[in-house]
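In this note's numbering, the protein residues as written are 87 to 468.
The C-beta atom is built at its ideal place from N, Cα and C for all residues, glycine as well.
Small disclaimer: the values here were computed from a predicted structure and weren't measured.
The next block holds one structure in the form of C-alpha cells; read it before the comments.
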Amino acid sequence: MDEIIIRYWSPHGRQEETKFHCGHSKIDLVMRAAKRVDLSNLKECTELVSIDLSNNMLEELNLSPLLNCMKLRDIRLKNNHLKELDLWPLVNCASLGNIELSENRIQGIDLSPVFLRARVRMDSSVVIQADFILRYIFTHEELAERFNLVRPDGAPWHAIPVIIWNNYKKKSDDMSWSTMMQRMQLLMKSIDEEKWYSCQRGLLLGLDIPELSGFDGNPMNLLDTADSIMSYKEARHAIYDRTLELLEHQFEDEGPTLFLDIEKMKNTRASKLIPRIVELRRNEIEDTTIPIKGSKAFLKPLWLTHYGYTMLKVLDMGLTTDLTNLQLIKSSFSELGFTIRTKEVQVVHESFDSKGSQSMQQYVFNQISGCYDYHQLPSSIG
Numbered sequence: 087m088d089e090i091i092i093r094y095w096s097p098h099g100r101q102e103e104t105k106f107h108c109g110h111s112k113i114d115l116v117m118r119a120a121k122r123v124d125l126s127n128l129k130e131c132t133e134l135v136s137i138d139l140s141n142n143m144l145e146e147l148n149l150s151p152l153l154n155c156m157k158l159r160d161i162r163l164k165n166n167h168l169k170e171l172d173l174w175p176l177v178n179c180a181s182l183g184n185i186e187l188s189e190n191r192i193q194g195i196d197l198s199p200v201f202l203r204a205r206v207r208m209d210s211s212v213v214i215q216a217d218f219i220l221r222y223i224f225t226h227e228e229l230a231e232r233f234n235l236v237r238p239d240g241a242p243w244h245a246i247p248v249i250i251w252n253n254y255k256k257k258s259d260d261m262s263w264s265t266m267m268q269r270m271q272l273l274m275k276s277i278d279e280e281k282w283y284s285c286q287r288g289l290l291l292g293l294d295i296p297e298l299s300g301f302d303g304n305p306m307n308l309l310d311t312a313d314s315i316m317s318y319k320e321a322r323h324a325i326y327d328r329t330l331e332l333l334e335h336q337f338e339d340e341g342p343t344l345f346l347d348i349e350k351m352k353n354t355r356a357s358k359l360i361p362r363i364v365e366l367r368r369n370e371i372e373d374t375t376i377p378i379k380g381s382k383a384f385l386k387p388l389w390l391t392h393y394g395y396t397m398l399k400v401l402d403m404g405l406t407t408d409l410t411n412l413q414l415i416k417s418s419f420s421e422l423g424f425t426i427r428t429k430e431v432q433v434v435h436e437s438f439d440s441k442g443s444q445s446m447q448q449y450v451f452n453q454i455s456g457c458y459d460y461h462q463l464p465s466s467i468g
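Dropping the structure here:
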C-alpha cells in the first residue's frame, strides 16, 4: 500500500516528517510541537475519516488538501495558536460531523461551508459569521446544539451563539460575484426541500430584496438568470427580475402571498404584481376555515394568510387560542369586511391544505413560536 509523508516544522524551524499509509482512516499528529504542517499529500487519502492535530502550536493551516476527502467525519484542532481558519475547502465533505477548534486564538470564523453538516466546538469569544442563505435554516435551539461554545476555563457556555449574517452588498466589496454565486449554489444544493422557503427568505433578505421574499419554490431558480460574469449590481438586478417572474407563476397557481411588501413594491418594477396580490389576499381569507376542538381554536390556517398573519401579530396571538379570543379575532376581521369561518372537528391535523408548501408552513410556524429569535450583531444587516 502506498505511503504518504506529512512534514511539519517546530517553532525553531526544524523540519520533521512522519509517514502514513494512504488507506489509513485516521491521521494522528497530536503533541508534535508543530508550528506549521503541510497536509498537501492528504489529497491522496480518500479513505480518511479522522485527522487530529490537537495540542500543537499551529499558527496557520491550509485545509485545501482535504477537498476530496468525502469520508472525512472528524477534524480535531484543539489547543493550537490558530488565529484564522478557512473552512471553505470542506464544503463538499458530505460526511463531516465534528470539528474541534477550542483553545485557539481565532477571533472570527465563517462557518458557512460546514454550517449544514458539522457540529463545531469553539471558544466563546469567537465571532461566528455565516451566509445569509442560512439565516433561517436552524432554530435557535438547533444552533446551540450544533455550535458548542467553551469558556476560557473549559466549561461549556450555554448561551445561544451570536452570529453575523453576511450581507451580500458588503461582501461584494472584497469578493467577486462569480465567487459569491458559486458559494451560494454550493450551499443551496445541500439544503433539503423542507427548508427551501427558509432558504429563499435568507437569500432575498441578504440581497436587500425583502419585499419579494415570499417565493414558495426551489430557491435555486432565483439564480437562473444571474451569470457569473456579472457584477454584483447586475446580478442583483437579474435576481430581482427573475423573482418577479417566479412570483407571477406562483400567483397564476393561486399561490401564497405572505411576506410580500406591497408598500415597498410601489414605484418599482414589482408594482405590476400589486393588484393580483391584493386579490389573492382577499381570497386567502375567504378560503380559510379555523378548526375548533372543544374549547380551543387552532389558528394555523389563519397564520398562513397575509391578513391573518398581520392581524394575529397585532393581537399577540399564538398558534392556538380560547373561544373568547377567537371571538375577538372574528370581530376584528368583521370590522375589515371579512367573515372568518370556523368548524368543529374531532381531530386536528398538524398540516393544513393551505396554498403554501410544507416548507413555508414550517417556516411560518417556527417564526411565530419565536424559534428564530436568536441573537445577531447589528452590523450583520447593515
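(message) I'd like to confirm the pairing. Which residues does DSSP put opposite W251 in its beta bridges?
(response) Position 165 of the sequence shown, counted from the start, is the residue given in the question as residue 251. W251 pairs with A216.
(message) Taking 6 Å as the limit between beta carbons, can you name the residues of its chain near D124, skipping five residues before and five after?
(response) Position 38 of the sequence shown, counting from 1, holds the residue named residue 124. Cβ neighbours of D124 beyond the five flanking positions: R93.
(message) Distance check for L272 and V177, CA to CA, integer angstroms please.
(response) On the sequence shown, residue 177 is found 91 positions in, with the first residue counted as 1. On the sequence shown, residue 272 is found 186 positions in, with the first residue counted as 1. For V177 and L272, the distance between alpha carbons rounds to 7 Å.
(request) In the DSSP assignment, find the beta strand (DSSP E) that holds S136 and state where it starts and stops. (result) The residue labelled residue 136 in the question sits at position 50 within the sequence shown. For S136, the enclosing beta strand (DSSP E) covers residues S136 to D138.
(request) Per DSSP, which residues does A383 bridge with? Please list them. (result) Taking the first residue of the sequence shown as position 1, residue 383 is located at position 297. In the DSSP output, where bridge partners are listed per residue, A383 has I378 and T407.
(request) Answer with buried or exposed for M156, where buried requires no fewer than 16 other C-beta atoms within 10 angstroms of its C-beta. (result) By one-based count along the sequence shown, residue 156 stands at place 70. Of the residues assessed, M156 falls on the exposed side of the cut-off, its CB having fewer than 16 other CB atoms within 10 angstroms.
(message) Using a Cβ-Cβ cutoff of less than 7 Å, which residues in the same chain neighbour S465 once the five nearest sequence positions on both sides are dropped?
(response) In the sequence shown, residue 465 corresponds to position 379, counting from 1. For S465, the predicted model reports a pLDDT of 34, less than 50, meaning its position is unreliable; a value from the coordinates is still stated below. Short of 7 Å from the beta carbon of S465, and not among the five residues preceding or following it, lie these beta carbons of its own chain, in chain order: I250.
(request) Whole angstroms is fine: what's the gap from P361's alpha carbon to Q453's? (result) For the purposes of this step, residue 361 is identified with residue 275 of the sequence shown, where counting begins at 1. For the purposes of this step, residue 453 is identified with residue 367 of the sequence shown, where counting begins at 1. Whole-angstrom Cα-Cα distance: 27 Å.
(request) Determine the DSSP secondary structure at R355, reduced to helix, strand or coil. (result) As a position in the sequence shown, residue 355 is number 269, starting the count at 1. DSSP places R355 in helix when its eight states are reduced to three.
(message) Can you look up L153 in the DSSP assignment and give me helix, strand or coil?
(response) On the sequence shown, position 67 is the one that residue 153 refers to. DSSP places L153 in the coil class of the three-state scheme, outside both helix and strand.
(request) Can you say whether V450 is buried or exposed, counting buried as having 16 or more other CB atoms within 10 angstroms of its CB? (result) Within the sequence shown, residue 450 is the residue found at index 364, counting from 1. Its Cβ being crowded by 16 or more others within 10 Å, V450 is buried.
(message) Restricting to Cα atoms, I'd like to know which of R287, D294, Q193 and V212 is closest to M306.
(response) Sequence index remark: in the sequence shown, residue 306 carries index 220 (1-based). Comparing alpha-carbon positions, the option among R287, D294, Q193 and V212 lying closest to M306 turns out to be R287.
(request) Just the C-alpha distance for S258 and T406, rounded to the nearest angstrom, thanks. (result) Within the sequence shown, residue 258 is the residue found at index 172, counting from 1. Within the sequence shown, residue 406 is the residue found at index 320, counting from 1. Distance between the alpha carbons of S258 and T406: 44 Å.
(message) Can you confirm whether the region 374–384 touches the region 441–448 when touching is taken to mean that 3 or more C-beta pairs between the two stretches lie within less than 8 Å?
(response) Touching, no, given that fewer than three Cβ pairs across the two stretches are closer than 8 Å.
(request) Just mark A180 as buried or exposed, buried being the case when its beta carbon has 16 or more other beta carbons within 10 Å. (result) Sequence index remark: in the sequence shown, residue 180 carries index 94 (1-based). Exposed, since its Cβ has fewer than 16 Cβ neighbours within 10 Å.
(request) Indicate whether the contact test is met: 3 or more Cβ pairs, each with one atom in the region 233–248 and one in the region 262–276, closer than 8 Å. (result) Output reads no: the region 262–276 does not touch the region 233–248.
(request) Pull up the CB-CB distance for L182 and L158, whole angstroms please, since I reckon it's below 8 Å. (result) Stepping through the sequence shown from its first residue, residue 182 is reached at position 96. Stepping through the sequence shown from its first residue, residue 158 is reached at position 72. Their Cβ separation, rounded to whole angstroms, is 6 Å, which keeps L182 and L158 in contact under 8 Å.
(request) Could you give the DSSP three-state label for H107: helix, strand or coil? (result) What you label residue 107 is simply residue 21 of the sequence shown in a count that begins at 1. The answer is strand: DSSP assigns H107 an E or B state.
(request) Count the C-beta pairs between the region 279–286 and the region 219–226 that are closer than 8 Å, then say yes if the count reaches three, no if not. (result) By the Cβ rule, the region 279–286 counts as touching the region 219–226, because three or more pairs are nearer than 8 Å.
(message) With H, G and I counted as helix, E and B as strand and the rest as coil, what does DSSP make of R93?
(response) Here the question's residue 93 lines up with position 7 in the sequence shown. Reduced to three states, the DSSP call for R93 is strand.
(request) Pick out the complete alpha helix (DSSP H) segments inside the region 251–280, 4 residues or longer, and give them in chain order. (result) Counting whole runs of 4 or more residues, the region 251–280 contains the alpha helix (DSSP H) stretches 254–257 and 263–274.
(message) Checking the sheet assignment: what are the DSSP bridge partners for L235?
(response) Counted from its first residue, the sequence shown places residue 235 at position 149. Under DSSP, L235 forms a beta bridge with M208 and W243.
(request) Mind checking who R122 pairs with in its DSSP beta bridge? (result) One-based indexing of the sequence shown puts residue 122 at position 36. Beta-bridge pairing links R122 to W95.
(message) Taking its Cβ as the centre, do 16 or more other Cβ atoms sit within 10 Å of L359, making it buried, or is it exposed?
(response) The count along the sequence shown starts at 1 and reaches residue 359 at position 273. Buried, because 16 or more other Cβ atoms sit within 10 Å of the Cβ of L359.
(message) For S264, tell me which candidate among Q215, F233, L289 and E320 has the shortest Cα-Cα distance.
(response) Locating residue 264 in the sequence shown gives position 178, where the first residue counts as 1. Per the Cα distances, E320.
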